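S.K.: Going by the UniProt record's numbering, the sequence shown opens with residue 1, and the numbers climb by one from there. Where is the CB? At the ideal position from N, CA and C, for every residue including glycine. Since the model is a prediction, treat every value here as computed from it, not as a measurement. Following this message is one structure expressed as structure tokens.
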Amino acid sequence: MKISEQVAFVTGANRGFGRHLALELLSRGAKVYAGARNPESIDIPGVIPVKLDITNPQEVAAAAMVAKDVTLLINNAGSSTGASLIDGDLDKIHLEFNTHFFGTLSMVRTFAPILSNNGGGSILNILSALSWVSSGSVGAYTAAKAAEWALTNDLRLNLYPQNVRVAGLHVGFMETDMTSSLEVPKSNPEDIAKIAIDGLESDSFEIVADDVSRKIQRDFAGGVSAIYSHLS
């Protein structure tokens, strides 16, 4: 894939990691549609703002009518309610799944035919190291991201024959508004955006962007005892 020849659609592009992705794509010569619930909040010169709440099917359909030339879809829009699966607010748990799983699925079901009709293309789902492991907190987010990973794996197989490649990005904490209250090591989102787009250019199906994610991936072979060493 040559990014300079792509027409990209980035969801949640008004701030955080999505904004960095849009900037990186622009810097490499792509045409970029920037989706956000409030398009007036998008302050990136050169992008095409699109009103989009990915949990709203009508807005997803309207976005597709605007962006009929898309060849690259990046599903970045997310939510983090902090809800526990044990005693958290069920509405918040539903919100996490409506965003990360059903919202992502809605975007893919709507835009995959567009990519295919435009000669093929790629989809990148922004996942998380928490797609693979639980920290014991933010259970709703972790479960929803794990579901999005499973969704990514299934869509990859089913869309490949249509000349649509589906990739997933796994990354730990980044320095964004969503993690501002956490006292943990964080990656620079600008650096991760470069890694993500490099992965797309090299046609990678799975982009493991940082040491945290690479360690978790290695620990899989050891099972539960390797990943959760404090359990006995």
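So for A34, helix, strand or coil by DSSP?
M.R.: Here A34 sits in strand by DSSP.
S.K.: CB I74 to CB L23, shorter than 8 Å?
M.R.: For I74 and L23, no; Cβs fall outside 8 Å.
S.K.: Compare the C-alpha of L72 against each of T99, P57 and L26 and name the closest.
M.R.: Nearest of T99, P57 and L26 to L72, Cα basis: L26.
S.K.: With DSSP run on the structure shown, which of helix, strand or coil describes V138?
M.R.: Here V138 sits in coil by DSSP.
S.K.: Should the segment 85 to 94 be regarded as contacting the segment 37 to 55, the criterion being three or more beta carbon pairs within less than 8 Å?
M.R.: No contact exists between the segment 85 to 94 and the segment 37 to 55.
S.K.: The beta strand (DSSP E) that contains E5, what's its start and end?
M.R.: Where E5 is concerned, there is no enclosing beta strand (DSSP E), given that its DSSP letter is neither H nor E.
S.K.: Run through DSSP, which three-state label would P45 get?
M.R.: P45 falls in the coil class under three-state DSSP.
S.K.: According to the neighbour-count rule (16 or more other Cβ atoms, all chains shown, within 10 Å of its Cβ), is H170 buried or exposed?
M.R.: It is buried - the Cβ of H170 has at least 16 other Cβ atoms within 10 Å.
S.K.: Measuring straight from C-alpha to C-alpha, what distance separates F97 and E5?
M.R.: Distance between the alpha carbons of F97 and E5 is about 33 Å.
S.K.: When you compare the CB positions of residue 244 and L115, do they come within less than 8 Å of one another, or not?
M.R.: As shown, the chain starts at 1 and ends at 232. That puts residue 244 outside it, with no answer to give.
S.K.: For R218, which three-state DSSP category applies?
M.R.: It is helical.
S.K.: In whole angstroms, what separates the C-alpha of G29 from that of A63?
M.R.: Spanning the two alpha carbons is a distance of roughly 22 Å.
S.K.: To which residues of the same chain is T11 closer than 6 Å at the C-beta, ignoring the five residues directly before and after it?
M.R.: If we look at T11 and ignore the five residues flanking it on each side, its Cβ neighbours are G35, I54, N75, N76 and A77.
S.K.: So, with DSSP's three-state summary, where would you put E201?
M.R.: The answer is helix: DSSP assigns E201 an H, G or I state.
S.K.: Within its chain, find whatever has a CB closer than 8 Å to the CB of K145; leave out the 5 residues flanking it on each side and keep chain order.
M.R.: Within the same chain, K145 has close Cβ partners H100, L127, S128, L130 and S131.
S.K.: Might you give, ordered along the chain, the residues of its own chain that have their beta carbon closer than 8 Å to the beta carbon of L157, omitting 5 neighbours on each side?
M.R.: There are no such residues.
S.K.: Which of the three DSSP states is assigned to G29 in this structure?
M.R.: Three-state DSSP puts G29 in coil, outside helix and strand.
S.K.: Could you give the first and the last residue of the continuous beta strand (DSSP E) run that contains H170?
M.R.: It spans V164 to H170 - the beta strand (DSSP E) in which H170 sits, taken as one unbroken run.
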